[in-house]
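Protein chains: 2
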Amino acid sequence: MAGDGYRVGVLGATGLVGTTIIELLAQRGFPVAELRPLASERSAGKTIEFGSKVLTVQAVSDETIQGLDLVLSSAGGSVSAEWTPKLVEAGATVVDNTSYWRMHDDVPLVVSEVNPDALEGHKGIIANPNCSTMQMVVALKPLYDAAGIERLVISTYQAVSGTGKGAIDELRAQARAVVGGYDVPAPSIYPHQIAFNVLAQAGSFPDGDDHTDEERKLINETRKILGDAEIRVSATCIRVPVETGHSEAVNVETREPLEPGEARELLAAAPGVTVVDDPAAGRYPMAIDAAGKDDVFVGRIRRDPGNERALDLWVVSDNLRKGAATNTVQLGEELIQRGLLRRD
Amino acid sequence: MAGDGYRVGVLGATGLVGTTIIELLAQRGFPVAELRPLASERSAGKTIEFGSKVLTVQAVSDETIQGLDLVLSSAGGSVSAEWTPKLVEAGATVVDNTSYWRMHDDVPLVVSEVNPDALEGHKGIIANPNCSTMQMVVALKPLYDAAGIERLVISTYQAVSGTGKGAIDELRAQARAVVGGYDVPAPSIYPHQIAFNVLAQAGSFPDGDDHTDEERKLINETRKILGDAEIRVSATCIRVPVETGHSEAVNVETREPLEPGEARELLAAAPGVTVVDDPAAGRYPMAIDAAGKDDVFVGRIRRDPGNERALDLWVVSDNLRKGAATNTVQLGEELIQRGLLRRD
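So the protein sequences, as listed, match chains Y and V.
So the first sequence is numbered by the numbering used here: it starts at 3 and just counts up by one.
So the second sequence is numbered by the numbering used here: it starts at 3 and just counts up by one.
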């Protein structure tokens, strides 16, 4: 801690998530003594706003990583693999948004409302879960605590902003072409046209796997965060032509009986959850409503007519906010509150 | 039969499905002696093309329904309720696309590749299933025959053309506003903005039901068509901003073990099915590819990692074609082949 706050680095400061992290640090009054925006060489020299200040982005280097208490990182996996250990070596605690560290045994994978105790005893690196996992486990946690979870069947409806700024531009350019009646420009971010289409591929298929890395994250991270390797998970991760806000259809088979009304009450009382569930009146969670908000929205809570031990849920959240930046900042707050920054 | 063909009426001739039916009758060389396009008063006088002919749409009335052998009907439910019995009374066999007759005990609900034998002994009315059910059961039938089906968990990604022409216009107008940066016009077809959004409501919620009528159709019609009331079904029907082509994520728990490779072979050999399943090479079924085609496309065929008795499938088809018009025309062909038109 320096002066009346912490020296906070944001790695990947110019990306969609990095920008949102910086916005949230200002909005939430995070105790910042120094904010240091870091990025690749390519983005160095750009300026970003932090509250009323204008800051210049610095290239990440052995020099620019010195003297930080906390780094909120949202660079790519390879950048994280290289720089996270160096940041820890230089004395910082790192909350990392990439998938690189998430499944390491000695790296806690933490959702602030779900398993904050996992922060205790960290070794400098804390992993922030994948967006589609994050919002789902916030909704599942109260149900898990009440009745256990035997099996999940998940289908996602994922927004393009999870892929980055280029994906939003690609969706818009394609949509403009379709409504304008001219040739749709060839995709460069996604393997196929995303505008007015649906892609049965969010992420990529590593090593001949029949599931995408996104689907594997949903399966593996859910178990790690809930601390239960017995949960059986089917995951289908689909990209839809939405800018921001992931939606998920989740079939939850509980271990003990749980009525939809009980689930609704548990969810209404859960931190970080807003229940929007009056479908006959047209009230259910929607991506365009969730965008820009921090909560996870849950609706369509009902008994699976094919399984008396299962519930169906519709879970929507801003993939850049609770799905990424909000949780990162919340973990920073939690680390401070618990006195868990490595030097304080 | 009159001359060298049949006197065929198309009720709802100006709608998206009706237009497609007429197009298919010409394309497939259906044995038509007379084609009579029928619609509501509002559409009477419009002209439609049938092959090289231009025909004038007639208002459906006690006079205009006389002397038809076969009526392919795709009007609204209330029109069907009123006119189907009158058409049968006047001597026609009716293949009806609305939900009105589907669950009647003495009305067969038929998919040409799945249960054509159900046509035998019909009483003048044959029901054409709902689009989302239709494409799914075509893909499920070979798996059902090989291994039985215990349980289905279905999430749909449904195109707007299922709702009609107005829905396509609404999606386009909203998309134009979003990419143009001006205010999105208020929706009139759907309860909320559909462009760049996802709606957890395909259909409506009747009588305080916590499932939409579309979800109930998927549950009930699947059982009726497969002739198995024991199949347990969870259904979540979602509207996505796609013009044509419904996609479905289907988790299938079979009664007997069934390997993904076996399922792929069964599907590749099944009538009306095209397997598109090389995801690492970016090959999986897509709405924009399925649009304008008659087959049901199946891919992402894989073991559910959470259930050794379950498979995950991705099923896509043109909701106006196999989901509606194609099956209607196929049933007409099947009725002729089997000598089951009421007067021949």
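The C-beta atom is built at its ideal place from N, Cα and C for all residues, glycine as well.
| field | Closer than 7 Å to chain V by CB, Y:Tyr-286 | value | Start at 1 with the first residue of the first sequence, and residue 286 of chain Y comes out as number 284. So, interface residue.
| task | Look up Y:Asn-132 in the DSSP assignment and say whether it is helix, strand or coil. | result | Indexing the first sequence from 1 puts residue 132 of chain Y at position 130. Note: Y:Asn-132 maps to coil in three-state DSSP.
| task | Could you pull the start and end residues of the alpha helix (DSSP H) that Y:Leu-337 belongs to? | result | The count along the first sequence starts at 1 and reaches residue 337 of chain Y at position 335. Its alpha helix (DSSP H) spans residues 328-339.
| For V:Ala-282, which of helix, strand or coil comes out of DSSP? | In the second sequence, the residue the question calls residue 282 of chain V occupies position 280. It is helical.
| task | Give the secondary structure of V:Leu-40 by DSSP, where H, G and I count as helix, E and B as strand, and everything else as coil. | result | Numbered from its first residue, the second sequence carries residue 40 of chain V at position 38. If DSSP states are grouped into helix, strand and coil, V:Leu-40 belongs with the strands.
| task | Compare the beta carbon distance of Y:Ile-127 and Y:Thr-86 with 7 Å and say whether it is the shorter of the two. | result | Counting from 1 along the first sequence, the entry for residue 127 of chain Y is found at position 125. Counting from 1 along the first sequence, the entry for residue 86 of chain Y is found at position 84. Yes.
| field | As assigned by DSSP and simplified to three states, the class of Y:Thr-58 | value | For the purposes of this step, residue 58 of chain Y is identified with residue 56 of the first sequence, where counting begins at 1. Residue state, collapsed to three classes: strand.
| If we count the other Cβ atoms within 10 Å of its Cβ and call it buried at 16 or more, is Y:Arg-340 buried or exposed? | As a first step, residue 340 of chain Y must be located in the first sequence, where it is residue number 338. Flag for Y:Arg-340 reads exposed.
| For Y:His-213, which residues in chain V fall below 8 Å Cβ to Cβ? | Sequence index remark: in the first sequence, residue 213 of chain Y carries index 211 (1-based). Chain V residues near Y:His-213: Arg-304, Pro-307.
| query | Roughly how many angstroms separate the alpha carbons of Y:Asp-6 and V:Ala-202, rounded to a whole number? | reply | Residue numbering aside, residue 6 of chain Y sits at position 4 when the first sequence is read from its first letter. Residue numbering aside, residue 202 of chain V sits at position 200 when the second sequence is read from its first letter. About 47 Å.
| field | Residues that Y:Gln-137 contacts on chain V, provided the C-beta gap is smaller than 9 Å | value | Locating residue 137 of chain Y in the first sequence gives position 135, where the first residue counts as 1. Chain V residues near Y:Gln-137: none, gap ~14 Å exceeds 9 Å.
| query | Would you report the Cα separation of V:Ala-46 and V:Thr-224, rounded to the nearest angstrom? | reply | Along the second sequence, one-based indexing puts residue 46 of chain V at 44. Along the second sequence, one-based indexing puts residue 224 of chain V at 222. Cα to Cα, the separation comes out at about 36 Å.
| query | Taking Cβ-Cβ distances shorter than 7 Å, what residues in chain V pair up with Y:Asn-199? | reply | Working through the first sequence from its first residue, we reach residue 199 of chain Y at position 197. Those within 7 Å of Y:Asn-199 in chain V are Val-244, Met-288, Ala-289, Ile-290.
| query | Residue range of the alpha helix (DSSP H) that Y:Asp-314 falls in? | reply | Here the question's residue 314 of chain Y lines up with position 312 in the first sequence. Per DSSP, Y:Asp-314 belongs to no alpha helix (DSSP H); it is in the beta strand (DSSP E), 312-319.
| said: Which residue wins for smallest C-alpha separation from V:Ile-221, given the options V:Ala-77, V:His-106, V:Arg-30, V:Ser-134? | reply: In the second sequence, counting from the first residue as 1, residue 221 of chain V sits at position 219. The shortest Cα separation from V:Ile-221 among V:Ala-77, V:His-106, V:Arg-30, V:Ser-134 belongs to V:Ser-134.
| request: Determine whether the Cβ of Y:Val-181 lies closer than 7 Å to any Cβ atom of chain V. | output: Here residue 181 of chain Y refers to the residue found at position 179 of the first sequence. Taking Cβ atoms only, chain V reaches closer than 7 Å to Y:Val-181, which makes this a yes.
| message | With H, G and I counted as helix, E and B as strand and the rest as coil, what does DSSP make of Y:Val-90? | response | As a first step, residue 90 of chain Y must be located in the first sequence, where it is residue number 88. Three-state DSSP puts Y:Val-90 in a helix.
| message | On the CB-based measure, 16 or more other CB atoms within 10 Å of its CB, does V:Glu-350 come out buried or exposed? | response | Not covered by the structure: residue 350 of chain V. The range shown for chain V is 3 to 346.
| Using the beta-carbon count (16 or more within 10 Å), is V:Gly-183 buried or exposed? | Within the second sequence, the letter at position 181 stands for residue 183 of chain V. With fewer than 16 other Cβ atoms within 10 Å, it is exposed.
| For the candidate residues Y:Ala-282, Y:Phe-198, Y:Asn-329, Y:Ser-63, whose alpha-carbon lies nearest to that of V:Asp-291? | Here residue 291 of chain V refers to the residue found at position 289 of the second sequence. It is Y:Phe-198 whose Cα lies nearest to the Cα of V:Asp-291.
| query | Counting only beta-carbon atoms, is V:Val-235 nearer than 7 Å to chain Y? | reply | For the purposes of this step, residue 235 of chain V is identified with residue 233 of the second sequence, where counting begins at 1. Yes, its Cβ sits closer than 7 Å to a Cβ of chain Y.
| Extent of the continuous beta strand (DSSP E) to which V:Asp-98 belongs | Start at 1 with the first residue of the second sequence, and residue 98 of chain V comes out as number 96. 95-98 is the span of the beta strand (DSSP E), which, as asked, contains V:Asp-98.
| task | For the segment 104-153 of chain V, list the alpha helix (DSSP H) runs that are entirely contained and at least 4 residues long, ordered along the chain. | result | DSSP runs (the alpha helix (DSSP H)) wholly in the segment 104-153 of chain V: 133-149.
| message | When you compare the CB of V:Tyr-192 with every CB in chain Y, is at least one pair closer than 7 Å? | response | Reading the second sequence from its first residue, position 190 is the one you call residue 192 of chain V. By this cut-off, V:Tyr-192 is not an interface position.
| For Y:Leu-201, which three-state DSSP category applies? | By 1-based counting over the first sequence, the position of residue 201 of chain Y is 199. Here Y:Leu-201 sits in strand by DSSP.
| message | I need the straight-line Cα distance from V:Gly-79 to V:Asp-98, nearest angstrom please. | response | Along the second sequence, read from residue 1 onward, the residue named residue 79 of chain V stands at position 77. Along the second sequence, read from residue 1 onward, the residue named residue 98 of chain V stands at position 96. So the alpha carbons of these two residues sit roughly 10 Å apart.
| task | Check each residue of the segment 98-116 of chain V: if its Cβ is closer than 9 Å to any Cβ of chain Y, include it; give the result in chain order. | result | none
| query | Taking just the CA atoms, how far does V:Val-317 sit from V:Ala-265? | reply | Position 263 of the second sequence, counting from 1, holds the residue named residue 265 of chain V. Position 315 of the second sequence, counting from 1, holds the residue named residue 317 of chain V. Their Cα atoms are separated by approximately 13 Å.
| request: Alpha carbon to alpha carbon, how far is V:Val-56 from V:Val-62? Give it in angstroms, no decimals. | output: As a working note, residue 62 of chain V is residue 60 in the second sequence. As a working note, residue 56 of chain V is residue 54 in the second sequence. Rounded to whole angstroms, V:Val-62 to V:Val-56 spans 18 Å at the Cα level.
| task | Show which residues of chain Y have a CB atom less than 8 Å away from the CB atom of V:Ile-240. | result | Taking the second sequence and counting its residues from 1, the one referred to as residue 240 of chain V is at position 238. Going along chain Y in sequence order, the residues near V:Ile-240 (Cβ under 8 Å) are Tyr-159, Ser-249, Ala-251.
| said: Between V:Val-235, V:Pro-307, V:Ala-179, V:Pro-187, which has its C-alpha nearest Y:Asp-306's C-alpha? | reply: Taking the first residue of the first sequence as position 1, residue 306 of chain Y is located at position 304. Per the Cα distances, V:Val-235.
| said: Using only the alpha-carbon positions, how far apart do Y:Ile-338 and Y:Ile-156 sit? | reply: In the first sequence, counting from the first residue as 1, residue 338 of chain Y sits at position 336. In the first sequence, counting from the first residue as 1, residue 156 of chain Y sits at position 154. The straight-line gap from Cα to Cα measures roughly 34 Å.
| said: Let's see if you can read the secondary structure: which residues bound the beta strand (DSSP E) around V:Thr-256? | reply: On the second sequence, position 254 is the one that residue 256 of chain V refers to. Counting along the chain, the beta strand (DSSP E) containing V:Thr-256 begins and ends at 248-256.
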